[in-house]
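Numbering (this note's numbering), first residue to last: 1 to 339.
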C-alpha cells in the first residue's frame, strides 16, 4: 500500500506482527487449543487492517469517493475480526459458537470488496497521472498556459463572489536569449527550472503560478498589491541569489515583474493581463530586475475600450495570448529592448 502511494516501505513495522506472533506463541498460556492464541491472532490481523485503513486515509490526493470506500472496507474487516473477542466476553459459549461461519462469510466479502477497491484506486491513479500530464509544463513542473488560465478564471470568480481584491503578476527572465546564446539551451532550461523552484517555494498554498511560454511566467494571488509586492520581492531576491550561479556557470540571472490589482469582481482577466504586462515592460525599461506596479485600475468603460482595441489590432485571432502581445507592443517604450 505504501509503495502504491509512492511512500517507502517500513520493513520493521511490516514484519513486527509476525515476529510478535511467533514469540508469544512460545508461551504456555498461548497453547494451540487456548482462546488466548485465537485472541492474539485476531488482534494482530485487526491491527494490520486498521493500519491499512490509516495509510489509505493519509492519501489525500485521491477522490473522496475512492478514499471513503478504501477506508471503510478494511475498517469493517478489522471490526469483524474483533467480534470473536466481544462475543466471548458478553455471550455464553453456546451463543458464540457460530462466529466461525460469519467469519468465513465476511472473509469472502472482504476479498471481493478489496478487489473492487484496488480497481478504483488504480483508476484514480491513472486519472491523476493523465490530469497532471495535461496540466503541467514538462520542463518546470508548473502549470502550463491552459491550466493556469483555467485556474486563474476560477480564482477570479471566487474572489469576485467574496468581494476581495485579486492581483496578477507577470514575470520575464532578463536577457534570457543572451543566456541561451552564451551557455546553450541546456543551461537555459536549467535556469528556467531554478526560477520555477524559487517561485514555487515563495508562493502560498492558494496562489497560482504557471509558465506561459518561453521565459514568461504568470502568477495570480488573492490579495491586494501590498500582498503581491511582498511575494514578488521575496521571489525576485530569491531568484537573484539562486540564479547567480547555475551549475558550473556564473549566470547572474534576474527577473522583471509587472503586477496589476483589481478591487472589483473580475469576470474576464484579459484587462488584468494587459495592465500587468504593461507594468512588466515598464520594469524592463526602468533597468530590469525589479517590480513595477500598474497604475490604479481604470474605470470599467476604459478597460472595455482597451480590450476592444487590443482585439481589433489582432483581428482574425482569438484568445488571450495575442491580446497580451498586442498590449505589450503598445506599452513597450520606444527604443527599449525587452529581454
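Backbone N, C-alpha and C define an ideal beta-carbon position, used for all residues, glycine too.
Separation of residue j from residue i, as counted between CA atoms
{"i": "residue 185", "j": "residue 159", "result": "39 Å"}
{"i": "residue 211", "j": "residue 204", "result": "17 Å"}
{"i": "residue 250", "j": "residue 182", "result": "11 Å"}
{"i": "residue 236", "j": "residue 176", "result": "15 Å"}
{"i": "residue 26", "j": "residue 71", "result": "34 Å"}
{"i": "residue 327", "j": "residue 129", "result": "Confidence in residue 327 is poor, its pLDDT being 45 and thus under 50, which makes the residue's placement unreliable; the coordinate value appears in the next sentence. If you take the alpha carbons of residue 327 and residue 129, they lie about 36 Å apart."}
{"i": "residue 57", "j": "residue 256", "result": "43 Å"}
{"i": "residue 147", "j": "residue 157", "result": "16 Å"}
{"i": "residue 284", "j": "residue 74", "result": "59 Å"}
{"i": "residue 14", "j": "residue 291", "result": "53 Å"}
{"i": "residue 116", "j": "residue 179", "result": "53 Å"}
{"i": "residue 293", "j": "residue 239", "result": "19 Å"}
{"i": "residue 172", "j": "residue 131", "result": "27 Å"}
{"i": "residue 119", "j": "residue 10", "result": "24 Å"}
{"i": "residue 340", "j": "residue 18", "result": "What is shown of the chain runs 1 to 339, which leaves residue 340 out entirely."}
{"i": "residue 202", "j": "residue 289", "result": "17 Å"}
{"i": "residue 280", "j": "residue 137", "result": "22 Å"}
{"i": "residue 199", "j": "residue 142", "result": "9 Å"}
{"i": "residue 275", "j": "residue 170", "result": "10 Å"}
{"i": "residue 167", "j": "residue 53", "result": "42 Å"}
{"i": "residue 125", "j": "residue 133", "result": "12 Å"}
{"i": "residue 222", "j": "residue 278", "result": "20 Å"}
{"i": "residue 121", "j": "residue 264", "result": "42 Å"}
{"i": "residue 114", "j": "residue 230", "result": "49 Å"}
{"i": "residue 123", "j": "residue 32", "result": "43 Å"}
{"i": "residue 315", "j": "residue 271", "result": "Annotation note: pLDDT 48 at residue 315 (below 50); position unreliable, no value reported."}
{"i": "residue 23", "j": "residue 46", "result": "18 Å"}
Residue of the options minimising C-alpha distance to residue i
{"i": "residue 273", "options": "207, 153, 289", "result": "153"}
{"i": "residue 135", "options": "209, 259, 117", "result": "209"}
{"i": "residue 296", "options": "224, 51, 287, 131", "result": "224"}
{"i": "residue 163", "options": "248, 287, 155", "result": "155"}
{"i": "residue 8", "options": "41, 34, 55", "result": "55"}
{"i": "residue 20", "options": "33, 40, 28", "result": "40"}
{"i": "residue 218", "options": "144, 105, 189", "result": "144"}
{"i": "residue 254", "options": "287, 282, 32, 111", "result": "287"}
{"i": "residue 213", "options": "140, 125, 112", "result": "140"}
{"i": "residue 109", "options": "166, 77, 137, 124", "result": "77"}
{"i": "residue 197", "options": "161, 82, 243", "result": "243"}
{"i": "residue 347", "options": "228, 215, 50, 189", "result": "Missing from the structure shown is residue 347; the chain here goes from 1 to 339 and no further."}
{"i": "residue 247", "options": "230, 190, 80, 161", "result": "190"}
{"i": "residue 260", "options": "133, 165, 46, 192", "result": "165"}
{"i": "residue 151", "options": "226, 46, 269", "result": "269"}
{"i": "residue 282", "options": "266, 258, 51, 262", "result": "258"}
{"i": "residue 82", "options": "266, 111, 48", "result": "48"}
{"i": "residue 187", "options": "245, 22, 149, 226", "result": "245"}
{"i": "residue 266", "options": "174, 234, 161", "result": "161"}
{"i": "residue 42", "options": "51, 79, 149", "result": "79"}
{"i": "residue 216", "options": "29, 192, 16", "result": "192"}
{"i": "residue 252", "options": "226, 195, 232, 233", "result": "195"}
{"i": "residue 220", "options": "233, 149, 16", "result": "149"}
Extent of the continuous beta strand (DSSP E) to which residue i belongs
{"i": "residue 222", "result": "216-222"}
Sheet register partners of residue i (DSSP bridge)
{"i": "residue 211", "result": "217"}
{"i": "residue 255", "result": "173"}
{"i": "residue 167", "result": "221, 261"}
{"i": "residue 246", "result": "249"}
Opening and closing residue of the alpha helix (DSSP H) in which residue i lies
{"i": "residue 291", "result": "It is not in any alpha helix (DSSP H) - residue 291 instead sits in the beta strand (DSSP E) that spans 291-293."}
{"i": "residue 14", "result": "11-24"}
{"i": "residue 34", "result": "Run containing residue 34: none; DSSP gives neither H nor E here."}
{"i": "residue 269", "result": "Here residue 269 belongs to no alpha helix (DSSP H), and DSSP marks it neither H nor E."}
*Let me know the beta strand (DSSP E) ranges lying completely inside the region 111-191, each 3 residues or longer, listed in chain order.*
166-173
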